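**Student:**
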Amino acid sequence: MTGRVSLKSFTAMALVIAAAVPATSNAVDVRPIIKAGFGLGGDTVVSVGVSNSGSSSTRSIKANQGVFFGGGASILTDSKEFEAEVSLSFKFYTIAAQNGRVDWTVLPLDALVFYRMPNVRLGGGLTYHLNPSLSGSGAAGGLNAKYDDALGFVLQGDYVLKNRFNFGLRYTNVEYKRTSFQANPLIVASTPAANPRTNGVGFVFSMSF
């Protein structure tokens with residue numbers, strides 16, 4: 082699925098999700114949110130040789146790996162049973178050495194809906210990943226890989242504290258498609274993957290105001 086078609090699909094489904102929550106209630110509570118967390122696992126995007134203090138090793142970047150932070154909005158029904166959440170985050174992971182670094186970055190746009198219980202919320206929805214890219218600097222200069230924007234899905238479960246703080250686990254499934262790449266044979270132990278999948282878990286914290 083191309084990036085443009087994926088974006089249209091995401092936009093349509095996000096509007097359906099956002100409309101479905103208010104439709105279940107006569108009143109809704111819209112609040113800004115901030116979120117942060119990290120992801121683990123997925124297919125290997127690239128492996129690189131790293132030298133530090135005279136020793137060398139090989140390290141890899143996984144498709145779901147990285148720390149993320151962002152913000153958005155929460156739409157909560159007056160019954161407190163259903164909640165929609167739309168957010169945009171910046172996610173990154175870095176392999177750093179004395180003479181260079183390799184960065185993996187992506188912008189995840191999420192549209193999720195949850196069923197809420199007193200101290201738990203369970204749900205999921207769509208995620209649209211913008212501008213997935215791999216870049217090197219220093220000794221890793223010349224390494225560069227671009228991936229098309231990609232549509233996938235998220236499943237998430239959170240512990241809810243004081244109706245404002247959410248601590249949760251999430252599963253993300255997105256497949257990236259490489260559009261261009263340039264390798265650095267002096268440091269890169271593998272060619273950047275053509276179609277890596279995130280297919281991994283993560284931890285997330287969010288807070289509404």
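Going by this note's numbering, the letters in the sequence shown line up with residues 82 to 290, in that order.
Just so it is clear, CB atoms sit at the ideal spot from N, CA and C, and this is done for glycine as well.
For clarity, every value in this text was computed on a predicted model and none was experimentally measured.
(1) So which of 158, 149 and 165 has the shortest CA-CA distance to residue 173?
(2) Please state whether DSSP places residue 160 in a helix, a strand or coil.
(3) Below 8 Å, how does it come out for the stretch 214-234 and the stretch 195-204: are there three or more Cβ pairs, yes or no?
(4) Helix or strand or just coil, what does DSSP make of residue 131?
(5) Buried or exposed: where does residue 159 fall if 16 or more other Cβ atoms within 10 Å of its Cβ makes it buried?
(6) Using a Cβ-Cβ cutoff of less than 6 Å, which residues in the same chain neighbour residue 157 once the five nearest sequence positions on both sides are dropped?
(7) Roughly how far, in whole angstroms, is the beta-carbon of residue 151 from the beta-carbon of residue 171, given that I think they are within contact range, below 8 Å?
(8) Please look up how many angstroms separate the CB atoms of residue 143 and residue 287, rounded, as I've assumed it's under 8 Å.
(9) Compute the Euclidean distance between the alpha carbons of residue 255 and residue 108, then round it to the nearest angstrom.
**Tutor:** Here's the rundown:
(1) Mapped onto the sequence shown, residue 173 falls at position 92. When each option's Cα is compared against that of residue 173, the closest is 149.
(2) As a first step, residue 160 is located in the sequence shown; it is residue number 79 there, counting from the start. Reduced to three states, the DSSP call for residue 160 is coil.
(3) no
(4) The residue you call residue 131 lines up with position 50 of the sequence shown. Residue 131: strand per DSSP, three-state reduction.
(5) Reading the sequence shown from its first residue, position 78 is the one you call residue 159. Its Cβ having fewer than 16 others within 10 Å, residue 159 is exposed.
(6) What you label residue 157 is simply residue 76 of the sequence shown in a count that begins at 1. 110 and 164, listed in sequence order.
(7) What you label residue 151 is simply residue 70 of the sequence shown in a count that begins at 1. What you label residue 171 is simply residue 90 of the sequence shown in a count that begins at 1. Contact flag correct, Cβ pair sits at about 6 Å.
(8) By 1-based counting over the sequence shown, the position of residue 143 is 62. By 1-based counting over the sequence shown, the position of residue 287 is 206. So it is not a contact: roughly 23 Å between Cβ atoms.
(9) As a first step, residue 255 must be located in the sequence shown, where it is residue number 174. As a first step, residue 108 must be located in the sequence shown, where it is residue number 27. Taking the straight line from one Cα to the other gives about 34 Å.
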